[in-house]
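Structure first, then comments.
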Ligand code: VG1
Ligand code: CO
């Protein structure tokens, strides 16, 4: 093949958000739009991570992925990349990409130095929906802000990019290596099975035999919803072939370019079919399974449900941390001293960390902040309120890992009981956890796609109000006289303890005397307008009061959050789009 230099002009707005660049497919289909971003990324990397390098290119299989893979392969070839690794049909979950960067070795001993992950995660897919791209580094984690800032600044000045226009398209539905020769030497496209490396890694972490026994127990029943995302490329191999679950326990596990027209977001609103099946939605006469779970489009998120019971993600990570050492072989020698969570995530994990005498870190939203801590051996288990849970086995959150973690905990708690009358259930485990550690009532209100200017003004007002706590408390008391006082208020700022880098403006916090919190942030993953997130949390230590309905317990604080922020006045919205 030969190399062509193409002239181009910068596009505005190619700033990577919380997790890469996410826009409508139609935006990505503009001439050179994707190419500009890819070249800007190559130009932001050290030369040895491009020339002669091995790079992974794949994603959640959403619409436009197959075109994007071919464009990126041609550009990689032209930029001197030695080979690209592609999951069959361009399918690789975000956690599997991370695992492949870290674990996979080519026949000649090469390892990948990075990856283009093609996903917009939980955003809908299809010709009029979203596409996304992000770059992960050699440690398997999302590029840090120092790199994404460089990529963004390159997109603002780009004038040309390199592409091997005459490189034929490679059939990525077929496993195998296709080799080419260019001006600088050989270039390979290596298409491989999407699931093998990932399953191999999971086997080194979990005790598959004990999970198998649990799934085989007549008392236990299991259900997994792939929401038509990339999790489907793993679910049958993992849960059916390896662990012995029945095929009928898998829902929506055929990956589709448009996610079946749905919103591949594992929460109580969008994972409707699973929610109904678990007895939390439409009533039915069929007895729900004991355990249910779902993953998002790129399978890095998870939702865990028991029979008629929802586990909040903030509780989930706390419970995994509290039980990891006994239940999961990977952690048998102890957690590396540290658990950590993103700032808006509830403090349930903090209480566990304190109890187990583990140091813990509070980082800004987005998985990239966990990577440095993990690389430095400071963090084993971490999680986010947004249905993200994971550990230092890779550098992304990991939906299927979280399911296996919960199955491991259930297997451990029931190991002498599989033939008994009644198994220890998901609900039992959570109630026991609350009895030991107290409960963090928690909810998040999302106002999606609101006017960006209005959102900015609302946030600016919340920052301005922070200058006088006495005024804050006066107006809060007028809304709800019974809530505690706000004792501090700030914008969250994080100094990375490993590299000293500082991230500012990471969310507006109002902290109450009784441990309650209100947090306000703008989403960094949307593709149009702005999304305002309000996080509402209240801690209850008294075990006689941990059994209330979450919405009842939180109702005064919710009232304060909505009225104090004047959300209706600013946005014209009388209700959130999604409540989790
Ligand atoms: C959201 C979540 C955040 C998560 C991010 C990426 O970001 O709140 O916790 O890390 O999505 O997840 P934001 O900026 O929209 O609040 V994923 O599964 O979309 O890669
Ligand atoms: Co995701």
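Numbering (UniProt numbering), first residue to last: 72 to 651.
We treat Cβ as the ideally placed atom computed from N, Cα and C, and that holds for glycine.
Heavy atom of the ligand CO within 8 angstroms of residue i beta-carbon
i           : result
residue 224 : no
residue 368 : yes
residue 651 : no
residue 190 : yes
residue 228 : no
residue 165 : yes
Assumed close pair residue i, residue j - CB separation to whole angstroms, cut-off 8 angstroms
i           : j           : result
residue 41  : residue 125 : Residue 41 lies beyond the stretch modelled for the chain, which goes from 72 to 651, so this question has no answer here.
residue 477 : residue 375 : 5 angstroms
residue 287 : residue 387 : Their Cβ separation, rounded to whole angstroms, is 24 angstroms, which puts residue 287 and residue 387 out of contact at 8 angstroms.
residue 429 : residue 410 : 5 angstroms
residue 134 : residue 211 : With a Cβ gap of about 26 angstroms, residue 134 and residue 211 do not count as contacting.
residue 164 : residue 325 : The Cβ separation is near 15 angstroms, so there is no contact.
residue 209 : residue 171 : Going by Cβ atoms, the distance from residue 209 to residue 171 rounds to 12 angstroms, so no, they are not a contact pair.
residue 591 : residue 435 : Not quite, the Cβ-Cβ distance comes to about 14 angstroms (not below 8 angstroms), so this is no contact.
residue 412 : residue 455 : 7 angstroms
residue 627 : residue 553 : 6 angstroms
residue 216 : residue 594 : Rounded, the Cβ-Cβ distance is 17 angstroms, inconsistent with contact.
residue 479 : residue 399 : 5 angstroms
residue 257 : residue 250 : 6 angstroms
residue 305 : residue 471 : 6 angstroms
residue 72  : residue 253 : 5 angstroms
residue 340 : residue 649 : 5 angstroms
residue 90  : residue 271 : About 26 angstroms separates the two Cβ atoms, so there is no contact after all.
residue 364 : residue 452 : Their Cβ separation, rounded to whole angstroms, is 18 angstroms, which puts residue 364 and residue 452 out of contact at 8 angstroms.
residue 441 : residue 450 : 6 angstroms
residue 617 : residue 338 : Contact flag wrong, Cβ pair sits at about 22 angstroms.
residue 653 : residue 631 : Not covered by the structure: residue 653. The range shown for the chain is 72 to 651.
residue 406 : residue 342 : In fact, because the Cβ distance is near 30 angstroms, the residues do not count as touching under 8 angstroms.
Sequence-distant residues of its chain with Cβ nearer than 7 angstroms to residue i (five each side left out)
i           : result
residue 653 : Since the first residue shown for the chain is 72 and the last is 651, residue 653 is missing from the structure and cannot be characterised.
residue 229 : 79, 81, 107, 110 and 111
residue 540 : 557 and 560
residue 15  : Nothing can be reported for residue 15: it is not among the residues displayed for the chain, which extend from 72 to 651.
residue 669 : Residue 669 falls outside the range modelled here, since the chain spans only 72 to 651, and no answer is possible.
residue 500 : 390, 480 and 484
residue 415 : 436, 456, 578, 590, 592 and 606
residue 447 : 569
residue 576 : 562
residue 523 : 600 and 601
residue 99  : 105, 135 and 202
Own chain partners of residue i with C-beta closer than 6 angstroms, once the 5 adjacent residues on each side are dropped
i           : result
residue 222 : 111, 112 and 115
residue 654 : Residue 654 lies beyond the stretch modelled for the chain, which goes from 72 to 651, so this question has no answer here.
residue 184 : 120, 124 and 209
residue 87  : 219
residue 581 : 557, 560 and 589
residue 464 : 276
residue 75  : 234 and 236
residue 260 : 144, 155, 241 and 249
Close-in-space but distant-in-sequence residues of the same chain around residue i (CB under 8 angstroms, 5 per side omitted)
i           : result
residue 497 : 361, 362, 375, 376, 377, 378, 380, 382, 477 and 481
residue 467 : 165, 166, 168, 169, 207, 211, 212, 213, 371, 438 and 461
residue 555 : 583, 584, 585 and 587
residue 315 : 283, 286 and 287
residue 246 : 159, 262, 263 and 264
residue 22  : Here the chain covers residues 72 to 651 and nothing more, so residue 22 does not appear.
beta-carbon residue i near the ligand SAM non-hydrogen atom, thresh 8 angstroms
i           : result
residue 244 : Summarising the ligand content, the structure contains the ligand VG1 and the ligand CO and does not contain the ligand SAM.
- Task: Collect the residues with a C-beta less than 5 angstroms away from any heavy atom of the ligand VG1 and give them in sequence order along the chain.
- Result: Ordered by chain, the residues meeting the criterion of a beta-carbon within less than 5 angstroms of a non-hydrogen atom of the ligand VG1 are 89, 90, 192, 371, 372, 436, 437, 455, 457, 594, 595 and 596.
- Query: Three or more C-beta pairs closer than 8 angstroms, one from the segment 333-352 and one from the segment 201-209: is that the case here?
  - Reply: Segments in contact, no.
- When the Cβ atoms of the segment 316-325 are set against those of the segment 509-527, are three or more pairs found closer than 8 angstroms? Taking 8 angstroms as the limit for Cβ pairs, the verdict is that the segment 509-527 does not touch the segment 316-325.
- Item | Three CB pairs or more closer than 8 angstroms across the segment 487-495 and the segment 569-584 | No, the segment 487-495 is not in contact with the segment 569-584.
- Counting Cβ pairs, one atom from each stretch, are 3 or more of them under 8 angstroms apart for the segment 409-427 and the segment 599-619? As far as the Cβ criterion goes, the segment 409-427 touches the segment 599-619, which means the pair count is three or higher.
- Is the number of C-beta pairs between the segment 231-249 and the segment 147-156 that are closer than 8 angstroms three or more? With the cut-off at 8 angstroms, the segment 231-249 and the segment 147-156 touch.
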